[in-house]
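The structure under discussion appears below in the form of C-alpha cells.
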Amino acid sequence: MANTNYEQLIDRDTVEHVGNAVAAEAQSRFAALKKFRLEKLGNLRPLTEFFDKDRIRFTTSFGEISRRWNYNLQYFAVNYLLIVIGLSIYAVITNWWLLFTIVFIFGGFYLISRLDGPLTLGNTSFSPSSLYGAYCGASLILLLFSGATGAVFWIIGAAAIVVLGHAALLEPGLEGEFGADGQV
Numbered sequence: 005m006a007n008t009n010y011e012q013l014i015d016r017d018t019v020e021h022v023g024n025a026v027a028a029e030a031q032s033r034f035a036a037l038k039k040f041r042l043e044k045l046g047n048l049r050p051l052t053e054f055f056d057k058d059r060i061r062f063t064t065s066f067g068e069i070s071r072r073w074n075y076n077l078q079y080f081a082v083n084y085l086l087i088v089i090g091l092s093i094y095a096v097i098t099n100w101w102l103l104f105t106i107v108f109i110f111g112g113f114y115l116i117s118r119l120d121g122p123l124t125l126g127n128t129s130f131s132p133s134s135l136y137g138a139y140c141g142a143s144l145i146l147l148l149f150s151g152a153t154g155a156v157f158w159i160i161g162a163a164a165i166v167v168l169g170h171a172a173l174l175e176p177g178l179e180g181e182f183g184a185d186g187q188v
C-alpha cells in the first residue's frame with residue numbers, strides 16, 4: 005500500500021471562524037432563554053403553594069368562583085403557562101405524524117432561507133418566493149392530515165379544564181384577602 009498524504013479538508017482559520025460563529029449564535033439564543041427565565045419564570049410559585057391541600061374548597065357560588073379565577077389566574081399565571089406548555093409537548097410527542105410535520109415544516113423553511121438564489125432543477129429555475137408558496141401549500145396539507153387541528157383543540161380543552169378547575173378550587177391566600185390589587 006502506498007502512503008498518500010491527504011491535505012486537510014478544512015484549514016484551521018475556517019474551523020475557528022465557524023466555531024466562533026456557532027458560539028456567538030448559541031450565546032445569543034441562550035441569552036434569550038436566560039432573559040425568558042429571569043423575566044417570565046421569576047414569578048413561578050412553589051409547588052407546595054400551588055398544590056396547597058388546605059386551601060382547596062368546593063363552592064357552588066359563581067361569584068366566588070369568578071373571584072377565585074380573578075385572583076388565581078393572575079397569581080399562578082406562570083405555573084399555568086408551564087402546564088399549557090407541558091400539555092403541548094405531550095400532544096406533539098404522542099402524535100408522531102404531527103411531530104414529523106413540525107420537523108418537516110421548520111426544516112424546509114430553514115433550508116429555503118439558506119438558498120443564495122433561485123433553485124435550478126434540470127432546465128427549470130424556482131425562485132425562493134415560489135418555493136415558499138409551494139412549501140406553504142404542502143405544509144398545510146400535511147398539517148391537515150397529521151391531526152394538528154385536533155391537537156390544538158385538545159390542548160385548549162385540557163388546559164381549560166386543568167387551569168380553570170385548579171383556579172376555581174383553590175382559595176386565595178392571605179395576601180389576596182387584603183385588597184383587590186394584591187398588595188400586602
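Quick note: the sequence shown uses the working numbering, first residue 5, plus one each step.
Heads up, the beta-carbon is just placed ideally off N, CA and C, and yes, glycines get one too.
It should be emphasised that the depicted structure is a prediction, and the values quoted were computed from it without experimental measurement.
Candidates the options: which alpha carbon is nearest residue i's?
i, options, result
"T98", "L125, A164, G151 and S32", "G151"
"Y114", "L102, I89, V156 and C140", "C140"
"G169", "I93, L42 and L77", "L77"
"V166", "F104, W73 and F40", "W73"
"F149", "T105, S65 and G67", "T105"
"E175", "S65, E20, S32 and T153", "S65"
Considering only residues of the same chain and omitting the five flanking positions on each side of residue i, which have a CB-CB separation below 8 Å?
i, result
"A155", "A95, V96, N99 and L102"
"L119", "P132 and L135"
"L37", "none"
"I116", "P132, L135, Y136 and Y139"
"F62", "L173"
"N24", "none"
Please return the same chain residues whose Cβ sits closer than 7 Å to the Cβ of residue i, not counting the five positions on each side in sequence.
i, result
"S143", "I109"
"F54", "F80 and N83"
"F130", "P122 and L123"
Could you pull the start and end residues of the alpha helix (DSSP H) that residue i belongs to?
i, result
"T153", "A152 to L173"
"S131", "Segment: none, S131 is in no alpha helix (DSSP H) and carries neither H nor E."
"L51", "L51 to F54"
"L48", "That residue, L48, is in no alpha helix (DSSP H); it is neither H nor E in DSSP."
"I69", "F66 to Y79"
Our contact map puts residue i next to residue j with C-beta atoms below 8 Å; I'd like the distance itself, whole angstroms only.
i, j, result
"V82", "L51", "Actually they do not touch by this definition, with Cβ atoms about 12 Å apart."
"G177", "R71", "Incorrect: roughly 13 Å between the Cβ atoms, too far for contact."
"L123", "L135", "6 Å"
Here's a check: name, in chain order, each residue in its chain whose Cβ is nearer than 6 Å to the Cβ of residue i, leaving out the five neighbours to either side.
i, result
"V92", "What sits at residue 92 in the sequence shown is Ser, not Val. Taken in chain order, the residues that qualify are I159."
"L3", "Outside the modelled stretch of the chain, which goes from 5 to 188, sits residue 3, for which no answer is possible."
"L42", "none"
Hey, quick one: how far does the beta strand (DSSP E) through residue i stretch, first residue to last?
i, result
"T98", "First-last for T98: undefined, no H or E at that position."
"L119", "From DSSP, L119 is part of no beta strand (DSSP E); its letter is neither H nor E."
Should the segment 86-102 be called in touch with the segment 151-164, which here means at least 3 C-beta pairs below 8 Å?
-> yes
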